[in-house]
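Enquirer:
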Amino acid sequence: MTMMTPPPLDQEDEEIVVPHQEFTAGPQPMEVISSEPAPENHQLEDPPTFKYRWSIENFSRSNTKKLYSDIFFVGGYKWRVLIFPKGNNVDHLSIYLDVADSATLPYGWNRYAQFALAVVNQIHGKYTIRKDTQHQFNGRESDWGFTSFMSLSELYDPSRGYLVNDSCVIEAEVTVRKVVDYWSYDSKKETGYVGLKNQGATCYMNSLLQTLYHIPYFRKAVYHMPTTENDMPSGSIPLALQSLFYKLQYSDNSVATKELTKSFGWDTYDSFMQHDVQELNRVLCEKLEDKMKGTVVEGTIQHLFEGHHMNYIECINVDYKSTRKESFYDLQLDVKGCRDVYASFDKYVEVERLDGDNKYQAENHGLQDAKKGVLFIDFPPVLQLQLKRFEYDFMRDTMVKINDRYEFPLQLDLDRDNGRYLSPDADRRVCNLYTLHSILVHSGGVHGGHYYAFIRPTLSDQWYKFDDERVTKEDAKRALEEQYGGEEELPQTNPGFNNTPFKFTKYSNAYMLVYIRESDKEKIMCNADEKDIAEHLRVRLKKEQEEKEHKKKEKAEAHLYTIIKVARNEDLTEQIGREIFFDLVDHDKVRSFRIQKQLPFNHFKEEVAIEFGIPVQFQRFWLWAKRQNHTYRPNRPLLPQEEAQSVGELREVSNKAHNAELKLFLEVELGPDLHPLPPPLKTKEDILLFFKLYDPEKKDLRFVGRLFVKALGKPIDILSKLIEMAEFSANEEIELYEEIKFESNVMCERIDKKISFKSSQLEDGDIICYQRALTSANRDEFQYPDVPSFLEYVRNRQVVHFRSLEKPKEEDFSLELSKLFAYDDVVERVARHLGLDDPTKIRLTSHNCYSQQPKPQPIKYRGVDHLSDMLVHYNQTSDILYYEILDIPLPELQGLKTLKVAFHHATKEEVAIHSIRLPKNSTVADVINDLKTKVELSRPDTELRLLEVFYHKIYKIFPPGEKIENINDQYWTLCAEEIPEEEKNLGPHDRLIHVYHFNRDPNQNQMQVQNFGEPFFLVIKEGETLANVKIRIQKKLQVPDDEFSKWKFAFISLGRPEYLQDSDVVSNRFQRRDIYGAWEQFLGLEHSDTAPKRAYTTNQNRHTFEKPVKIYN
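So that you can map any letter, position 459 of the sequence shown is 532 in the working numbering, and since no number is skipped, the others follow by simple counting.
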C-alpha cells in the first residue's frame, strides 16, 4: 500500500508511505553487500533483486538533518537510501528509497520497484523492524518510503538492540521489475477481474473483500439481503456491500470502498489505521449475520463458515468424561514449531495429560488423572484457517511476527489417518476433502506492512493476485510456494569463489487460507448474476454507470466544446445576500451551455432565446474580467464583429487562462410592462454600475438593480432613482459606498455624492452599496451600522465546532465567531456559553486535519494572535477546536511544571503515581517536600530522593538543587523512594551499587539480558560475600524461600553476565571506576518475570496500542 500525504504529520501512522518532499545532496559512507549492477532487460518472471547493508557509525552524534547512503545498482539503475536520523518533522526515524540520479534523468523517466527497508536489531535478529512497499518512481516522486518508520525513543534506547556501540545498521532489499505503465494497465482486460481502491491503509480490508466476493454463494446471499430504493449506501451495510459486489462484477475499472467504510461508521482516520484481517473478518461476519436475521438469507453465515468441535476431559482411572460442544467460524492454527497445516492440526488435537499437581477435579470422584483435548464434530463447507503469524513475546513484552516456513497443500484431507481429527459423534459419511480457494498474504513486519490475496475464482489451475487496484495472473508456484515464508538464498555474485550463500528472511507469507469442501464445491461456486440483484439496485447502479460513462464521454470530447456560463439579473437577485456577499455572482450556479466550438455565436444566441424567452434582438452580452485586486466584474459588451465569430474563437479572445469556459453577463432592458426592450446605445461616456442595498436593522444585503450613468454625472443625479429602487420615502437620506475588494482584506469606501463618477474612478462593472443615512445618535443601535462594518463581519465570520477534549469524537456546541477574534475574545465566548465565570480557566487545543484528532499540545495562553491562527494546521484549515476546563487559570498553570512521580513505599509493594505541580523555577528539593505531604512515610524524619528510570534501569539521582523546568517525564519515568538508613552511614570502603532484575530470551543464543521490574540501590560492604548479600536482598524484597532458591546472581557489565557463587566477594567486582555510565555495571538478579505487565501513565506515550476494529452501524 502506498499513498502520498504532505509531511510533517502529528499522528503516528505505521502504514503511510510517502515521498519525503525535500532535496539535498551529499552522500554518506555505506557498507554494501554487493554492488554488482543487475543485468538489464530481466524478464518479469525473474526480476533482479539485491540486498544492501548500510552501517552508520557515531549515529547518535550525527548533527545533520538527513543522511544519504552510497549509490548502489539494482536492475541497471542507481539507488540510494535516505534517512532522517532525528525524524522528518516527526518523533520517528524517517527512511526512504531514493533514485540517486533523478536530477539528471531525461524528462518522462520512470521505474518500478518493490522494496523493503529495515533497521537491524543487532542483538535479537528476529526483532529487526522491516517494512515493505512498492512504487513507480518518476520525476515528481523520485523517493518513496516511511515517514514514521520507528519511534526515536525505541531506536535510541541502547538496551533495545538497534544501536550497538553507537552504530546503526540499515538494510534495503530492492527488486526492480519491468516497468509496466500503471495507468495504462487494464486489469479487466488482462484478467477479467477488477481491483479495489486503497483509501490509505485499507489493503487489509480489500484482500478480505475480494476473498468473500469470490465465494459466489456468499455474494448471492448478499445480493438477496432486502434493501429499498430509499436506502443510501453510506448508511446501509447491506446496500453498500451489494453495490460494491455489483461493481466488482460488472465494472471495467477498480472500485472505491468509501461508501462501504462510511456504512461501517468509519471516518477518514479509521481508513488510515491498519487493522487485522482476522479481526475485521469476524466483526464483518457478525454484523452481516445480525443484518440477515428475519430475511430470506438468514443463517447464510453459519451455513458457510460455522463448524463445531468438542472439548473433552476424560478421566483415566474412573469412568467419567466431561464434554462441551463449541462452534467456530475460523480456526487459529499455530505456525511456530509446525512445518505445515497437518502439523498444526496434529497440535490442535494433541492430548494433554492432567496429573501430578495438575489433576482434574472430577464431579463425585475428587482429583483424578485425566486426558484433555479437542476433536472436531463437523467442518464447514468454507473452511477459514487463520495462521498465527503474530504472537506475543512475553520475554520482550511485545508482539513479534513469525516468518518461519509453513507449507499448505492445494488439497487438504481432514479425514486422514482414519479420521484422527474427528470426534466419535462426527458424521463419517461426510468427506472432509478440501481444495484451496484463496491465500491472504501479509508482507512486512509487526509494525506495519501490506496485504494482498491470491485467489482461484473458479477453482481452476489459474491463480490471480488481487493487490488493491491491480489484478494480475500468477502461476501456482508464486501463489503457493513463495508464500510459505522461511528463508531464501540469494544467487551468488561470484560463484567461483566458494562464497557462503547469503540467506535472508522472507517477510511476505500466508496469513489466512480459505478452503472449500469438494463435496460442496458445486453449491458454493454457484452462479451469481444480474437476476440475483434487486431491480432497484440494478436501476440505481446502471444509472450511476451511465452518468459515469456520460462524464467520461464529455471529458473525451471536451476539446470540441466550450462551456458558456450566462449570468443574469435574476441570478444576482437570487444569490447576493444568501449565498454570496462579495462581487456579483457564483458562476458555478448559473445556467451553463455546452456548445460546439465551431458554432457561430449568433446561433448560440438563438439557443439563449429559447432557454430564457428573450428574443435575440433584445440580448446584449458582456464579457467578465478578473481585476488585479482579485474581483470579477462585467468588463465590456461584445462587439457586433465578435458576435459573428465562432464560440471557440470568442473564448480565446476573452480568456487568457485558456480554460474551456466562457463567462458572460446577459443584459436585458425591461420596459414598464416588464417586456424586453432593445439594449440602449452605449458610448464611452456611459458606465454600467451594479447596486446593492444594506439594511443594518436586519443585517441584510441584497441586489436591487443596475443603472447606466454618465461618467461626468454625479451620484446626486441618481439619488431619486436609488431611493425608488430601495422603496424608501422620497426625502430619505442615503449613504453610498464603493465595494472595492475583499481579498485579502475588505476595502469598502464612502462615495462623495457631489463629485463625478469619473472623479471617483468608477467604471463599468463597479458595485455601489447604499443604505439609509444614520445619525450619530442611532448608529449605536446596530451591531454593524454601515456597509463596511457588515462586509468586514461577513468576510471574517467563522462557525467553530467545539468539542470537549475528553470526548474528542463528539461535537458539543457551535459558536459563530470572527476570524479576527483575539485569544481572549474566543475563550470569553466559550466561557459565556458554558456558564463559566473565569474565561482563563478555559484551555483550547487545535485540530489535526490529517488524523482527525486533537493536536498533542494545547494552545498556549495568548499564544496566537487570532482565531484564524488557531484553526490552521499546516496548509489545511479546520473549523474544530477542543476545550477543557482547568482547576486553575491557564496563565497560572503555564507558569507551573507538572511532573508525574511514582512513589515506591519502603515496606509495602504498592507503587502510587502522584502529580506534582510547582512553579517552573522550583527545584527537585521542592518536589520532594511537596511529595512528603502526599505520601505515607515509614518514619516522619525519613529522607526521599528522586530517580530517573528508563527501561528498568536507574540512570540518575537528581541533585536537590536541580531546576525542574528541564526535567522530561514524557520518556523517562520519575521515581521517588525513601533513602535507607544504611546508605546514610557509608564507610570509606563501602560501595553503593545498582541492582536490577533480568532474564534472557531462551530462543536466542546471545548472552544479552532483558531487564524488568523495579531497580534499586544496595550498599556492599568490603569483603562481603554473595551469600550475605543474598540474605539482605531476600529480606528487602520479601521473596519466599522456595522461589528465591531458583534465583541466579550475576555481575553484569555492558550487557554481559558473569555468574557468581555464594563464596564470591561481591565488592571485588565493583572496583572499576572508568566504566561509562554506572547503570551499565550492576548486580543482576536472574529469575522469571511473574509480575503483571503494566506501563506507568508517566511514560505511556512510548507504548503504542492498535485500535480494535469497530463497525459502528
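Glycine included, every Cβ here is placed at the ideal spot set by N, Cα and C.
All of these numbers come straight from a predicted model, not from anything done at the bench.
Let me know if cysteine 504 comes out buried or exposed under the rule of 16 or more other beta-carbons within 10 Å of its beta-carbon.
Expert: In the assembly as shown, cysteine 504 is an exposed residue. Its beta-carbon has fewer than 16 other beta-carbons within 10 Å.
Enquirer: Would you kindly work out how many angstroms separate the C-alpha atoms of alanine 443 and tyrosine 393, rounded to a whole number?
Expert: 9 Å
Enquirer: Taking its Cβ as the centre, do 16 or more other Cβ atoms sit within 10 Å of lysine 736, making it buried, or is it exposed?
Expert: buried
Enquirer: Between which residues of its own chain and leucine 907 is the CB-CB distance below 6 Å, once the five residues before and five after are set aside?
Expert: none
Enquirer: Look at the alpha carbon of glutamate 73 and the alpha carbon of valine 1102, and state the distance between them as a whole number of angstroms.
Expert: What is shown of the chain runs 74 to 1186, which leaves residue 73 out entirely.
Enquirer: In the DSSP assignment, find the beta strand (DSSP E) that holds arginine 1197 and state where it starts and stops.
Expert: In the structure as shown, the chain starts at 74 and stops at 1186, and residue 1197 therefore has no counterpart that could be examined.
Enquirer: If you drop the 5 nearest sequence neighbours on each side, which residues of the same chain put their C-beta closer than 6 Å to that of arginine 823?
Expert: Non-local C-beta neighbours of arginine 823 in its own chain, meaning closer than 6 Å and more than five positions away in sequence, comprise Tyr810, ordered along the chain.
Enquirer: Could you give the distance in angstroms between the alpha-carbon of phenylalanine 1143 and the alpha-carbon of tyrosine 1069?
Expert: 15 Å
Enquirer: Check each candidate in Ser260, Phe145 and Val172 and name the one with the smallest Cα separation from tyrosine 537.
Expert: Ser260
Enquirer: With a cut-off of 8 Å on the beta carbons, I'd call leucine 225 and lysine 159 a contact; round off their distance for me.
Expert: 7 Å
Enquirer: Specify the secondary structure class of phenylalanine 855 as computed by DSSP and reduced to three states.
Expert: coil
Enquirer: If you compare alpha carbons, which of Tyr415, Phe378, Pro311 and Gly338 is closest to threonine 368?
Expert: Pro311
Enquirer: Around the C-beta of leucine 754, are 16 or more other C-beta atoms found within 10 angstroms, so that it is buried, or is it exposed?
Expert: exposed
Enquirer: Is leucine 526 helix, strand or coil when you go by DSSP?
Expert: Here residue 526 is alanine; the residue named in the question, leucine, does not match the sequence. Residue state for alanine 526 is assigned as strand, using DSSP reduced to three classes.
Enquirer: What is the residue span of the alpha helix (DSSP H) that serine 1140 lies within?
Expert: 1139-1142
Enquirer: Which complete beta strand (DSSP E) runs does the stretch 753-810 hold, if anything under 3 residues is left out?
Expert: 759-768 and 773-783
Enquirer: So, does the stretch 233-253 touch the stretch 176-192, judging by three or more C-beta pairs under 8 Å?
Expert: yes
Enquirer: Report yes or no: do the stretch 763-776 and the stretch 641-654 share at least 3 C-beta pairs separated by less than 8 Å?
Expert: yes
Enquirer: Excluding the 5 residues flanking glutamate 679 on each side, which residues of the same chain have their C-beta closer than 8 Å to its C-beta?
Expert: Val689
Enquirer: State the start and end residues of the unbroken alpha helix (DSSP H) segment that holds aspartate 897.
Expert: 896-907
Enquirer: Give me the residue from Ala846, His382 and Phe781 with the minimum Cα distance to glutamate 399.
Expert: His382
Enquirer: How about the stretch 829-842 and the stretch 798-814: do they share at least three Cβ pairs that are nearer than 8 Å?
Expert: yes
Enquirer: Considering Cα atoms alone, identify which of Phe449, Gln405, Val424 and Pro453 is closest to threonine 373.
Expert: Nearest C-alpha to threonine 373: Pro453.
Enquirer: Over the uninterrupted beta strand (DSSP E) stretch that includes glutamine 441, give me the two end residues.
Expert: Counting along the chain, glutamine 441 sits inside the beta strand (DSSP E) bounded by residues 439-441.
Enquirer: Of the residues Leu835, Leu878 and Tyr494, which one's Cα is nearest the Cα of leucine 485?
Expert: Tyr494
Enquirer: Only counting the same chain, and skipping five residues up and downstream in sequence, which positions put a Cβ closer than 7 Å to that of threonine 284?
Expert: Within the same chain, and ignoring the five residues on either side of threonine 284 in sequence, the residues whose Cβ sits closer than 7 Å to its Cβ are Ser511, Leu513, Ala526, Ile528 and Val587.
Enquirer: Valine 455 to tyrosine 185, Cα distance in whole Å?
Expert: Rounded to the nearest angstrom, the two C-alpha atoms are 37 Å apart.
Enquirer: Smallest Cα separation from arginine 1018: which of Tyr1024, His1025 and Asp1003?
Expert: Asp1003
Enquirer: Taking glycine 686 as the reference, give the member of Asp999, Trp152 and His748 with the closest Cα.
Expert: The candidate whose alpha carbon is nearest that of glycine 686 is His748.
Enquirer: What separation, rounded to the nearest whole angstrom, lies between the Cα atoms of isoleucine 683 and glutamate 630?
Expert: 25 Å
Enquirer: Can you give me the start and stop residues for the beta strand (DSSP E) that tyrosine 1024 sits inside?
Expert: Looking at the DSSP string, tyrosine 1024 is not in any beta strand (DSSP E), and its letter there is neither H nor E.
Enquirer: Within the same chain, show all residues whose beta-carbon is closer than 8 Å to that of arginine 902, passing over the 5 residues directly before and after it, in chain order.
Expert: Cβ contact annotation for arginine 902 (same chain, cutoff 8 Å, sequence separation greater than five): Leu888, Leu890 and Phe894, in chain order.
Enquirer: Does the distance from the CB of leucine 610 to the CB of threonine 913 come in under 8 Å?
Expert: no
Enquirer: Please list, in chain order, all residues of the same chain as proline 962 whose beta carbon is under 8 Å from its beta carbon, the five residues on each side excluded.
Expert: Asp911, Thr913 and Lys914
Enquirer: Report buried or exposed for glutamate 379, applying the criterion of at least 16 other Cβ atoms within 10 angstroms of its Cβ.
Expert: With 16 or more other Cβ atoms within 10 Å, it is buried.
Enquirer: By DSSP, does threonine 707 sit in helix, in strand, or in coil?
Expert: Inspection of the sequence shows that residue 707 is occupied by proline rather than by threonine. Strand.
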